[in-house]
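Below you'll find the structure, written out as structure tokens, and then a few comments.
In the numbering used here, the protein residues as written are 64 to 161.
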């Protein structure tokens, strides 16, 4: 429970009425405070952003692999998977073997 020991800071912002109403409805239905509901949706948004960055890195690695395959360069599935997993791409002139 990371939320128990967190220091909270007051934040003031103007938000569209409809979004605030939706978050308030969610809070009521879920039995949580409105602050907890806002935190829930904020964290979901941050997770999606992080996932998007990882997905973009994987897509870039796949594109590089497909380019190598298209020009007949050998490629290594294990190497490619490792590159994709750590978010790295191929260096200029680097070959991968299948």
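Just so you know, even glycine gets a beta-carbon here, dropped at the ideal spot from N, CA and C.
Please read all numbers here as calculations on a predicted model, not as lab measurements.
{"query": "Does the structure place the stretch 68-88 close enough to the stretch 100-113 that three or more beta carbon pairs sit under 8 Å?", "result": "yes"}
{"query": "Tell me whether residue 102 sits in a helix, a strand or coil according to DSSP, three-state version.", "result": "helix"}
{"query": "Based on Cα-Cα distance, which residue from 81, 69 and 98 lies nearest to residue 75?", "result": "98"}
{"query": "Tell me the rounded alpha-carbon separation between residue 118 and residue 125.", "result": "10 Å"}
{"query": "For residue 78, name the three-state secondary structure that DSSP assigns.", "result": "coil"}
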